[in-house]
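There are 2 protein chains.
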Amino acid sequence: MHDHAETHDAAGCCGDADGAISRAERICRERDLQFTRLRRDVLVAVAGQTKPLGAYDIAERLSAPGRRVAAVSVYRALDFLTENGLVHRIASRNAFVSCGHSHTDGAGLVFLICRNCGTIDETTSPEIEHQLGRTLAKAGFKPTSRILEVEGECGACLGRSAEA
Amino acid sequence: MHDHAETHDAAGCCGDADGAISRAERICRERDLQFTRLRRDVLVAVAGQTKPLGAYDIAERLSAPGRRVAAVSVYRALDFLTENGLVHRIASRNAFVSCGHSHTDGAGLVFLICRNCGTIDETTSPEIEHQLGRTLAKAGFKPTSRILEVEGECGACLGRSAEA
DNA sequence: TCGCCGAGTGTTACAGTGTATCACCCGCGA
DNA sequence: TCGCGGGTGATACACTGTAACACTCGGCGA
Chain W
1074 MHDHAETHDA AGCCGDADGA ISRAERICRE RDLQFTRLRR DVLVAVAGQT KPLGAYDIAE
1134 RLSAPGRRVA AVSVYRALDF LTENGLVHRI ASRNAFVSCG HSHTDGAGLV FLICRNCGTI
1194 DETTSPEIEH QLGRTLAKAG FKPTSRILEV EGECGACLGR SAEA
Chain U
1074 MHDHAETHDA AGCCGDADGA ISRAERICRE RDLQFTRLRR DVLVAVAGQT KPLGAYDIAE
1134 RLSAPGRRVA AVSVYRALDF LTENGLVHRI ASRNAFVSCG HSHTDGAGLV FLICRNCGTI
1194 DETTSPEIEH QLGRTLAKAG FKPTSRILEV EGECGACLGR SAEA
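Sequences listed follow chains W and U, in order. The C-terminal residue of the first sequence carries number 1237 in the numbering used here, and the numbering is unbroken. The C-terminal residue of the second sequence carries number 1237 in the numbering used here, and the numbering is unbroken.
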């Protein structure tokens, strides 16, 4: 897992990598999929961050003197993880974040990307999902996937700039 | 302009390149910006399509035996055009489409991307915009820009597959 | 008129992102 | 034991985007 696993095992300090891992294990067991070492490592790398990581960043992090992880392998692992809803791709950044919500599809997922600190937050809004459904129906469009990403300044950064 | 300009000058046949051009000319006049040949050519190339074009596609289209247009130049023109709301970037495709709506920012722009035929449509939904505003406010997030892209099957393709 | 300046463009080089392809390993069932 | 399929390693390559510098051209003040 990671270096200071003993000092905490709940959510918190690092994007809750442990939680993501156990969720992944459960999902793979349920769907009869392999949760291999590479896939686990990639998920840990992504989950240990609130900022999005590029595939090449991940490859670099996982590579050590003894082991070289090529970007291709990372992409394959990321494909697997995104297909199973464990990580999300941030289209506007060409980067990936681990999924916080154990999320029911169609929850109206919104990504909040902070211009200032680079942190990515997720929210959901059933109302947006509902309105979007109406809009699509009116347009005669049958959706298979959607992305909603908002860039701006997060609450924490707003607070910091206000007090300065 | 384009080859058969006389046969029509309204909307229609080719994504309404002419309309886009005249809108661009007006905007540049209003804002005291230069609507140069390169910028016009790039806009024409993009506006003549309902499918999104990559920057390199555009460069290729604009290049002719006598003139070579480098991708860099296209990127610069695209930056200019997107800044002024004349074209939009489709983040999920790394590609660009011309903007149909003479659009007031904050209209709740939605891109509908057809999996099947590749066509991109725009709609707007003030209701979504409204809900999104509420959601962001609740999260304490101050937005500067947003993207909402939906992938799926467009009405035309649904019709075609139904009749088959 | 001369020279400067700034915007736009051309050009080269390069960094970052993503995919195709083939080889290899390894577990598993026939 | 053999073959098979999924996962991985490795190389090569295509596509996307940016940095840096040179050049042109029009405007403007000395």
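C-beta: ideal position from N, C-alpha, C; glycine also.
| Asked | Found |
| --- | --- |
| To be precise: take each residue of the segment 1200 to 1225 of chain U, compare its Cβ to all Cβ atoms of chain W, and keep it if any distance is under 7 angstroms. Which residues remain? | E1200, I1201, Q1204, L1205, T1208, L1209, A1212, G1213, F1214, K1215, P1216, T1217, S1218, R1219, I1220, L1221, E1222, V1223, E1224 and G1225 |
| Could you pull the DSSP bridge partners for W:F1184 from this structure? | W:E1195 and W:E1222 |
| Decide if U:D1152 is buried, meaning its Cβ has at least 16 other Cβ atoms within 10 Å, or exposed. | exposed |
| Just mark W:D1089 as buried or exposed, buried being the case when its beta carbon has 16 or more other beta carbons within 10 Å. | buried |
| If you measure from the beta carbon of W:L1154 to each beta carbon in chain U, is any gap under 8 angstroms? | no |
| Indicate whether at least one CB of chain W lies closer than 8 angstroms to the CB of U:R1233. | no |
| For W:C1172, which residues in chain U fall below 7 angstroms Cβ to Cβ? | Under the 7 angstroms cutoff, chain U gives no residues; its nearest Cβ is about 17 angstroms from W:C1172. |
| Which of helix, strand or coil does DSSP assign to U:F1153? | helix |
| Check whether the Cβ atoms of W:E1200 and U:Q1107 sit closer than 8 angstroms, and answer yes or no. | no |
| Given a threshold of 16 other Cβ atoms within 10 Å of its Cβ, counted over all protein chains shown, does U:H1161 qualify as buried or as exposed? | buried |
| Please name the residue, chosen from U:L1135, U:E1195 and U:A1210, that lies closest to U:C1187 on a Cα-to-Cα basis. | U:E1195 |
| Using a Cβ-Cβ distance cut-off of 8 angstroms, determine whether U:A1164 contacts chain W. | yes |
| Between W:V1183 and chain U, is there a C-beta pair that is closer than 8 angstroms? | yes |
| Starting from U:S1095, trace the alpha helix (DSSP H) both ways and give me its first and last residue. | A1090 to R1104 |
| Determine the extent of the alpha helix (DSSP H) in which W:V1117 is found, giving its start and end residues. | R1110 to A1120 |
| Taking the continuous alpha helix (DSSP H) assigned at W:A1168, which residues delimit it? | Careful: W:A1168 lies outside any alpha helix (DSSP H), inside the beta strand (DSSP E) at A1168 to S1171. |
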